[in-house]
Amino acid sequence: MQVRNIQNIVPSLTDKSIKIYYEHVMMKPTKIQESQYTYEYPRHWVEYVGGEKAIEIRQVRSIPAGRTILLKNFNVLRYNDETKKQDSFPVAVYVNLDTGDDMKVFNTKLQTVVREQLTAEGHPLPSEVTIAYNFETNSIDFKVVSAKKSGFTFNEAYVYSNENFKAIAWLDNDDCFKKIFKFSDSKMSIDDLRGMLPSTFTVEGSAGLLTRLSIGGIWSRKNIVIKSSISEFA
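Going left to right, the sequence shown walks through residues 1 to 234 as my numbering numbers them.
Next comes the structure, spelled out in structure tokens:
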């Protein structure tokens with residue numbers, strides 16, 4: 001939930017008990033319409049006896065809603081000594097988050113899903129591949145560390161991510177992944193690719209293989225608290 005504008009509503013009520021601080025916790029998921037949240041002050045503040053009052057919003061808390069995060073149409077390629085070719089192992093970011101799940105839960109679920117996918121596809125060493133949220137850099141990092149020639153490639157596709165992935169990565173569309181496909185298809189160099197991606201993207205690799213992809217500026221799903229206070233002007 002992102003709160004940009006606060007609209008205050010003061011209902012006409014008669015409870016005159018006094019409390020100076022108030023915390024409003026939304027127990028159910030709340031959808032913000034047109035970037036605006038309507039907040040009602042506590043009932044007992046309306047007819048609080050005293051002089052002119054100052055009522056202020058102090059903090060805002062949101063409990064992250066449950067959602068599915070999806071990024072697909074990419075693979076891990078790994079050189080096969082026997083066939084002298086690259087083996088392709090399809091993989092996807094597919095995480096179902098429940099209401100209140102934080103990025104620690106995201107990481108646990110994501111790493112389990114990636115490991116299961118690579119194992120099912122026959123990847124000999126799933127531990128060579130890491131896809132995880134980095135708490136220090138606030139990014140989702142894709143890494144391949146292998147003694148073999150390995151890396152990520154993106155397929156040619158019209159859709160790569162769902163709206164929830166784009167929302168947490170602040171992306172308007174999938175154009176950046178379409179550009180990465182052109183690199184995977186050896187139609188541009190890594191330097192050319194860097195010049196075409198958003199500033200939040202970091203890439204490393206060569207010859208169509210990405211050994212690292214980092215998507216920064218990720219929404220970390222931290223809780224926010226709405227708190228308000230009332231006081232009299234001097």
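Just so it is clear, CB atoms sit at the ideal spot from N, CA and C, and this is done for glycine as well.
The structure displayed is predicted, hence computed values, not measured ones.
Strand pairing of residue i, partner residues [DSSP]
i, result
"ALA132", "ASP141"
"LEU193", "In DSSP, LEU193 forms no bridge with anything."
"VAL159", "None; VAL159 has no bridge partner."
"THR153", "ASN75"
Buried or exposed by the 16-neighbour rule on C-beta atoms within 10 Å, applied to residue i
i, result
"VAL145", "exposed"
"PHE135", "exposed"
"SER184", "buried"
"ASP175", "exposed"
"SER189", "exposed"
"LYS85", "exposed"
"ALA169", "buried"
"ILE6", "Low local confidence applies: a pLDDT of 38 at ILE6 is under 50, so the model's placement there is unreliable, with the coordinate-based value given in what follows. With fewer than 16 other Cβ atoms within 10 Å, it is exposed."
"LYS187", "exposed"
"VAL159", "exposed"
"GLY100", "exposed"
"ASN75", "buried"
"ILE215", "buried"
When the options are compared against residue i, the one with the closest alpha-carbon
i, options, result
"ARG221", "GLN111, ASN107, LYS149, MET196", "ASN107"
"PHE154", "ASP98, TYR133, ASP191, ARG212", "ARG212"
"TYR98", "LEU118, TRP170, ILE63, PHE74", "Sequence inspection shows Asp at residue 98; the Tyr mentioned does not correspond to that position. Measuring from the Cα of ASP98, the nearest candidate turns out to be ILE63."
"VAL91", "ASP81, ASN80, ASN73", "ASN73"
"GLY246", "PRO126, ASN96, ALA132, LYS109", "Past the boundaries of the shown model lies residue 246; the chain is included only from 1 to 234, so the question cannot be answered."
"PRO126", "THR202, TYR133, LYS179, PHE89", "PHE89"
"LEU205", "ALA167, ILE180, ILE218", "Sequence inspection shows Gly at residue 205; the Leu mentioned does not correspond to that position. Answer by Cα proximity: ILE180."
"ASP81", "LEU110, ASP141, LYS149", "LYS149"
"VAL203", "GLU163, GLU156, ASP141", "ASP141"
"LEU71", "ASN173, LEU193, THR83", "ASN173"
Three-state secondary structure (DSSP) of residue i
i, result
"LEU118", "helix"
"LYS166", "helix"
"ILE180", "helix"
"TRP219", "coil"
"LYS72", "strand"
"PRO90", "strand"
"SER206", "strand"
"GLY109", "It should be pointed out that residue 109 corresponds to Lys in this sequence rather than to Gly. Here LYS109 sits in helix by DSSP."
"PRO29", "Any answer about PRO29 is weak, because its pLDDT of 48 lies below 50 and its placement is not dependable; what the coordinates show is given next. It is coil, neither helix nor strand."
"SER127", "helix"
"LYS84", "coil"
> Would you call the segment 112-123 and the segment 197-206 in contact, with 3 or more CB pairs under 8 Å?
Replying inline: Because the criterion of three Cβ pairs below 8 Å is not met, the segment 112-123 and the segment 197-206 do not touch.
>> Whether or not the segment 97-107 and the segment 121-130 are in contact is what I'm after, with contact meaning three or more pairs of Cβ atoms, one per stretch, closer than 8 Å; do they touch?
In response: Here the segment 121-130 does not lie against the segment 97-107, with fewer than 3 beta-carbon pairs under 8 Å apart.
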